[in-house]
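Numbering (the numbering used here), first residue to last: 171 to 320.
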């Protein structure tokens, strides 16, 4: 019974962190990473506009590059500034080996829940998330691509 309560407490802690750590601006995410140096088990929810997505070598995931969810007016300038970019590795669901699980469309806005391993790589904020085929809520498109990003 103690094990059940421990698992329940861990799940509640994770849900609380996710509710508190909701970011729609890359600069806010960077500040949190710089000031708190989050541990591996700290999760966040990110809302970003996809500017590019590429398949990783080995066919096990995608690298999604994004900016602020509202950042669309002068996005070419923003792409040149590392502080405005976030790189998220979306690992494929393990049940669908060598199959792309989700197609990220440049210009669309996505909400990614349970992003972990938050940190920096070459000056760019980054994190990882595992796609789950049976959980449409975890990674979802909330706004279609703009007809023109410029």
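Built from N, CA and C at the ideal position, the CB exists for glycine as well.
Being a predicted model, the structure only gives us computed values, none of them experimental.
If you check the beta carbons only, do residue i and residue j fall under 8 Å apart?
i	j	result
residue 284	residue 196	no
residue 233	residue 259	yes
residue 144	residue 275	Residue 144 lies beyond the stretch modelled for the chain, which goes from 171 to 320, so this question has no answer here.
residue 287	residue 297	yes
residue 306	residue 203	no
Tell me the rounded alpha-carbon separation between residue i and residue j.
i	j	result
residue 313	residue 280	7 Å
residue 171	residue 209	28 Å
residue 302	residue 222	21 Å
residue 271	residue 289	25 Å
residue 253	residue 261	24 Å
residue 200	residue 240	17 Å
residue 193	residue 217	6 Å
residue 198	residue 236	14 Å
residue 230	residue 205	32 Å
residue 256	residue 282	12 Å
residue 173	residue 211	19 Å
residue 176	residue 228	37 Å
residue 354	residue 316	Coverage of the chain is limited to positions 171 through 320, which leaves residue 354 absent and any answer about it impossible.
residue 320	residue 182	For residue 320, the predicted structure reports a pLDDT of 49, less than 50, and the residue's modelled location is therefore unreliable. The matter cannot be settled from this model.
residue 158	residue 191	The question about residue 158 has no answer, for the chain in this structure spans 171 to 320.
In the DSSP assignment, what residue or residues form a beta bridge with residue i?
i	result
residue 295	256 and 290
residue 194	None, per the DSSP bridge assignment.
residue 300	261
residue 281	217 and 310
task: Entirely within the segment 202-263 and at least 4 residues each: give me those alpha helix (DSSP H) ranges in chain order.
output: DSSP runs (the alpha helix (DSSP H)) wholly in the segment 202-263: 245-250.
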